[in-house]
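Numbers 72 to 512, taken from our numbering, label the letters of the sequence shown in order.
Heads up, the beta-carbon is just placed ideally off N, CA and C, and yes, glycines get one too.
Step one of this worksheet: look at the structure below.
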Amino acid sequence: MAAATALAFLVALEIAARHYGLPGPITTQAREVVCAPKSGFLLYAGMALMMVVLTWRQRFIAFGAAVGIDLVFWAVRWATGNGVTEGHPFGNGALWVLIGCAVIAVTRRTGRERTLLLKGVGLGLLLVTGRKTGDTWLLITSKTRPMVLDQYVATADHALGNPSWVVGRIVTASGPVGFNVLEIVYGQLAVAAVVVALYQLRHVAAERRFPRHHLVRTFLVIGLVGPAIYMIFPVVGPVFAYGTGVEHWASVSLWPDQPPLSGGGHWEVADLWPRTPSPLGTPHHMAFDGFTPRNCMPSLHTAWATAIFIHSRKGPRTLQFAGAFWLVATLTATLGFGYHYGADLIAGVVFTLTIETALRTYDRGWDRSGIRLVAYGTTVFTALLLSYRWLPSEMAGHPWLAGPLLLLAMASVIYGYVRTVARWEPASVLTPQREPQPELI
Numbered sequence: 072m073a074a075a076t077a078l079a080f081l082v083a084l085e086i087a088a089r090h091y092g093l094p095g096p097i098t099t100q101a102r103e104v105v106c107a108p109k110s111g112f113l114l115y116a117g118m119a120l121m122m123v124v125l126t127w128r129q130r131f132i133a134f135g136a137a138v139g140i141d142l143v144f145w146a147v148r149w150a151t152g153n154g155v156t157e158g159h160p161f162g163n164g165a166l167w168v169l170i171g172c173a174v175i176a177v178t179r180r181t182g183r184e185r186t187l188l189l190k191g192v193g194l195g196l197l198l199v200t201g202r203k204t205g206d207t208w209l210l211i212t213s214k215t216r217p218m219v220l221d222q223y224v225a226t227a228d229h230a231l232g233n234p235s236w237v238v239g240r241i242v243t244a245s246g247p248v249g250f251n252v253l254e255i256v257y258g259q260l261a262v263a264a265v266v267v268a269l270y271q272l273r274h275v276a277a278e279r280r281f282p283r284h285h286l287v288r289t290f291l292v293i294g295l296v297g298p299a300i301y302m303i304f305p306v307v308g309p310v311f312a313y314g315t316g317v318e319h320w321a322s323v324s325l326w327p328d329q330p331p332l333s334g335g336g337h338w339e340v341a342d343l344w345p346r347t348p349s350p351l352g353t354p355h356h357m358a359f360d361g362f363t364p365r366n367c368m369p370s371l372h373t374a375w376a377t378a379i380f381i382h383s384r385k386g387p388r389t390l391q392f393a394g395a396f397w398l399v400a401t402l403t404a405t406l407g408f409g410y411h412y413g414a415d416l417i418a419g420v421v422f423t424l425t426i427e428t429a430l431r432t433y434d435r436g437w438d439r440s441g442i443r444l445v446a447y448g449t450t451v452f453t454a455l456l457l458s459y460r461w462l463p464s465e466m467a468g469h470p471w472l473a474g475p476l477l478l479l480a481m482a483s484v485i486y487g488y489v490r491t492v493a494r495w496e497p498a499s500v501l502t503p504q505r506e507p508q509p510e511l512i
């Protein structure tokens, strides 16, 4: 049933993209069987997720096959003079291995072994296809939402002290080193998620079953639900609405010749970011170009990084530190690159905790405390969006009241989540201590 629903959703998204003359997620994924993939790292991450169901011997064979296929593709491209001008020169092999394992599951496996291998393949392909689905969603938002609400969010952000402008100046002052380190962290968020997921799924091959809840579930639901909010609350971000877009970072990026993922520049209100905060006044809807994604509210990078942080808490100390680092670095990048306002980040945290609670509550048979927290998180998230849209001027006019209230609303959801999940955790079983006995003489 879930597979049929996912397939129907992909087909619907493909049709919607074709309506606007764009390739959909099915087309873009099919092209990567032969063409250079957009992200080879993501394809290998998807293959790594699939390999949790394999034995160590099978993993070595699968990885070797993927590398071998990539070397063949590289040799053919070199011999024919068809160099890679966009995307990565590797990753096709990982996709071929995923498809090959699906064929093996159908033709050579039966019963539980077939189901387990198909689940592994499905998990890997879902990660990859989820990225393609997100890219298609972003294109659709730019075509269907000509008006954006940046002036409203920028005005409301005065209550928080204009954090994007502050952090943007810090990142700009850090030069090429600071920018490119943050860009690597920002761009490889899915790979970080896979590292945490691999730890959570490390026993699948031995136990021959998946755990009930893991990071990939939360990651995919965030990516599925989040873009729907983009359609309701379209925002492009301060570097585009109040700056020069990706051109701002061209002089410090390690990949200055890379084609921009989105526009900006000539559509901005004024060239203000990150030097001068946005002017206060009565906010209005504003028209924007037809290719910059309206992907700010909520910040899904913040949502995903928060999910990584949550799921890394039960790992070894190294994984916990990595999860904390990725969260802090991602928050810094989202603000410092000018891709998000501070209000977006608050909404992203509340959004993630609500989804995480809903998934865990579903696993527990709709526990009453979980239902209450989901309802509360949904209410807070809705209140945030309504306040950004209808009360931005009042918030900017009373920053010492509105700012703390926004942070308090987010903190209340965090507190509710920590308290609720703590009740769900199994109590540690103490080993009974034997009472000291008198020594026999």
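Proximity to T450 across L476, V421 and F362 peaks at V421, based on C-alpha coordinates. As DSSP reads the structure, A446 sits in no beta bridge. Excluding the 5 residues flanking it on each side, N366 has same chain C-beta neighbours closer than 7 Å at L209, T212 and Y301, in chain order. The beta carbon of D221 is closer than 7 Å to those of V306, V307, A312 and M357 in its chain, skipping five residues each way along the sequence.
Spatial neighbours of E339 in its own chain (CB-CB distance under 8 Å, excluding positions within 5 residues in sequence) are listed in chain order as F311, A312, Y313, G314, T315 and G316.
Taking a cut-off of 8 Å on C-beta distances, the segment 393-402 touches the segment 248-258, as three or more cross pairs fall below it.
For the segment 92-127, the continuous alpha helix (DSSP H) assignments of 4+ residues that do not extend past its boundaries occur at 96-102 and 111-121, in sequence order.
Relative to the Cα of D360, the nearest Cα in the group Q271, R216 and A230 belongs to R216. Within the segment 359-413, the runs of alpha helix (DSSP H) that reach at least 4 residues and sit entirely inside it are, in chain order, 371-383 and 388-407.
In the three-state DSSP reduction, V219 falls in the strand class (E or B). Closest in alpha carbon position to A230, among I86, I485, L477 and V124, is L477. Comparing C-alpha distances from Q100 to each of H90, Y91 and V82 shows the shortest one belongs to V82. Judged by beta-carbon spacing, Y433 lies beyond the 9 Å limit of S235, meaning their Cβ atoms are not closer than that value. Taking every protein chain shown into account, the CB of A133 has 16 or more other CB atoms within 10 angstroms, so this residue is buried. Between L343 and Y270, the C-beta gap is not smaller than 9 Å, which leaves the two residues out of contact. Each of Y115, A393, A107 and T423 was checked against the Cα of L295, and the nearest Cα belongs to T423. When the Cα atoms are used, T98 and A173 turn out to be separated by approximately 19 Å. Between V224 and Y459 the beta-carbon gap is near 5 Å, inside 8 Å, which marks them as a contact.
Spanning the alpha carbons of Y486 and M121 requires a straight line of approximately 35 Å. L456 and F80 have their C-alpha atoms roughly 26 Å apart.
Per the C-alpha coordinates, the member of V177, A393 and S110 positioned closest to E157 is S110. Taking a 10 Å sphere around the C-beta of M218, we find fewer than 16 other C-beta atoms and assign the residue as exposed. With a cutoff of 9 Å on beta-carbon distance, F112 and V262 are scored as near each other. Within 10 angstroms of the beta-carbon of S349 lie 16 or more other beta-carbons, which makes it buried. Apart from the 5 residues on each side of it in sequence, I442 sits with its Cβ closer than 8 Å to the Cβ of T432 in its chain, given in chain order.
With a 10 Å radius around the Cβ and a threshold of 16 neighbouring Cβ atoms, R202 comes out buried.
Partner residues in the beta bridge of M357, as assigned by DSSP, are V219.
The criterion of a C-beta distance shorter than 9 Å is not satisfied by P475 and G232. In terms of Cα proximity to T425, the closest of A414, S440 and G448 is G448.
In the three-state scheme derived from DSSP, where H, G and I count as helix and E and B as strand, N251 is classed as helix. In summary, G239 is buried, with 16 or more beta-carbon neighbours lying within 10 Å of its beta-carbon over all protein chains present. Straight-line measurement puts the Cα of L291 at about 10 Å from the Cα of T200. Unbroken alpha helix (DSSP H) stretches of 4 residues or longer found wholly inside the segment 260-347: 260-271, 275-278, 286-303 and 309-312, given in chain order.
Separation of F396 and R179 (C-alpha to C-alpha, rounded to the nearest whole angstrom) is 43 Å.
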